[in-house]
Structure formats: structure tokens, C-alpha cells
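If you want our numbering, it's the position in the sequence shown, counting the first as 1, plus 83.
Virtual Cβ for every residue (Gly too), placed ideally from N, Cα, C.
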Amino acid sequence: MNGRALAEFSAALAAAELWLPVALEQISDEAAEKLSFLRVADSLVLLAALAQLRWDRPPATPMLASRLAEFAPKLTAVQLGVALRALSRLPLAAACERGAAQRSLLQAVATVRLPGERSAPLGAADAAALAELCGALRHLRAEPPPRLVAHLAAVLPAASSAAAMRTLERDHRRALAKLADASREWAGVR
Numbered sequence: 084m085n086g087r088a089l090a091e092f093s094a095a096l097a098a099a100e101l102w103l104p105v106a107l108e109q110i111s112d113e114a115a116e117k118l119s120f121l122r123v124a125d126s127l128v129l130l131a132a133l134a135q136l137r138w139d140r141p142p143a144t145p146m147l148a149s150r151l152a153e154f155a156p157k158l159t160a161v162q163l164g165v166a167l168r169a170l171s172r173l174p175l176a177a178a179c180e181r182g183a184a185q186r187s188l189l190q191a192v193a194t195v196r197l198p199g200e201r202s203a204p205l206g207a208a209d210a211a212a213l214a215e216l217c218g219a220l221r222h223l224r225a226e227p228p229p230r231l232v233a234h235l236a237a238v239l240p241a242a243s244s245a246a247a248m249r250t251l252e253r254d255h256r257r258a259l260a261k262l263a264d265a266s267r268e269w270a271g272v273r
């Protein structure tokens, strides 16, 4: 299978919540074999799918984590969120090279372009992307960059007013609630 097929097959297994050890073993082996040919997006999908299914076996998951760490500065906020969430579910992958992959992804969070940074109201897609990143940081119990905390403080009051909340879709309201929880936690308010 090529990289895209591996990513699609693993994503299909994860979406269906099918835990098939033989198939997961084959995916892992092929991913490790073809790592240098995988696109970053395929590596991300593979790691996220294996994390969803809790398949943390060498050599694939540590190698995929290292591959994503190589490209950490070029990843978007949502990609960083997905990668960090995957590492939180895969202890072996997170510990590879003494945690270097996780450290480089966390360092990239400090410089990534934050969703909603240049647009006035925080739209549904931006809120969901920001919620993914904040959720991953909270799951890892990682210290958020001050820039992210300040950004949340700036965008949340306008987006979460009672009048505005009534007009939003459920998923948008849910993402804003996750952001508000993260903001309160990081501000020390419980």
C-alpha cells in the first residue's frame, strides 16, 4: 500500500473502532518500512488513528512521532493539536528519544499561527481548531505559551456573550465552552 492508502485504511479502522491486531500490525510494519515516503499529513493521520485504537508498538509509533517532530515548525495549530493528542494516548511514542518528539511539538505551539488571530469574530472552524490544540495541551498537562493564554483572553469575551451563544451552532458552542474551560484552568480559576 502507498502512504495515502495506509492512512485511509487506518483512519477507517479508527472511525469504525475496529481493533484488528493483524491489520494494525501490518499497517505498523508498512508505515515503518515506508516512513521516508510518507507525506506529513499521512504520518499525522496514521499516528492519530493508531492512537485512537491505542496501538502503541515499535517501531511504527515512535518513528511516526519522530517524523512529525521533524516538521513541527511547519505544522498548523490543528495539526499540532492532533499530534499532541495522539502522543498523549501513546506513551511509547511520546517517550521516544527521551521525549524529544513531544518537546519539539510543544515548542512549535509557541510560534504557530493561532486560529482566529487575524479575524475579528472567532468562527466555528477557528474555534474548533483552537479547542483541539488547547485540549491536547490540557490532556498532556503542558504549560501553555503566554501568547496562547493572552489570545484566549482576547477572543473569548466577545465570542461567548449570552446573546451571541444563542445564535451559534451546537459544535461551535461546544468548542467555545472547551476554550473557556482551558482559559479558566490556565488562569488558575477553577
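Asked                                                                                                                                                             : Found
Please determine, among S202, L231, E226, R201, the residue with the shortest C-alpha to C-alpha distance to A214.                                                : L231
What is the rounded straight-line gap between the Cα of L88 and the Cα of L129?                                                                                   : Here the sequence assigns Ala to residue 88, which means Leu is not the residue at that position. Roughly 10 Å separates the two Cα atoms.
May I ask you to report which of helix, strand or coil DSSP gives E215?                                                                                           : helix
Would you call the stretch 155-171 in contact with the stretch 188-195, where contact means no fewer than 3 C-beta pairs closer than 8 Å?                         : yes
List the endpoints of the continuous alpha helix (DSSP H) containing W269.                                                                                        : 253-270
Note down the Cα distance separating H255 from L107, rounded to an integer number of angstroms.                                                                   : 34 Å
Buried or exposed for W138, please, with buried defined as at least 16 other CB atoms from any protein chain shown within 10 angstroms of its CB.                 : buried
Where I110 and E153 are concerned, what is the direct C-alpha to C-alpha distance, given to the nearest angstrom?                                                 : 21 Å
Can you tell me which of the three DSSP states L101 falls into?                                                                                                   : coil
Would you call L101 buried or exposed, if buried means 16 or more other Cβ atoms sit within 10 Å of its Cβ?                                                       : exposed
Spatial neighbours of A97 within its chain, please: CB distance less than 6 Å, with the 5 preceding and 5 following residues excluded, ordered by chain position. : A132, Q135, L136
Unbroken alpha helix (DSSP H) runs of length 4 or more, entirely within the stretch 149-223: which are they?                                                      : 160-172, 174-177, 183-192, 207-223
Short of 7 Å in beta carbon distance, which residues of its chain neighbour R221, apart from the five on each side in sequence? Order them along the chain.       : A265, E268
Alpha carbon to alpha carbon, how far is A236 from L158?                                                                                                          : 24 Å
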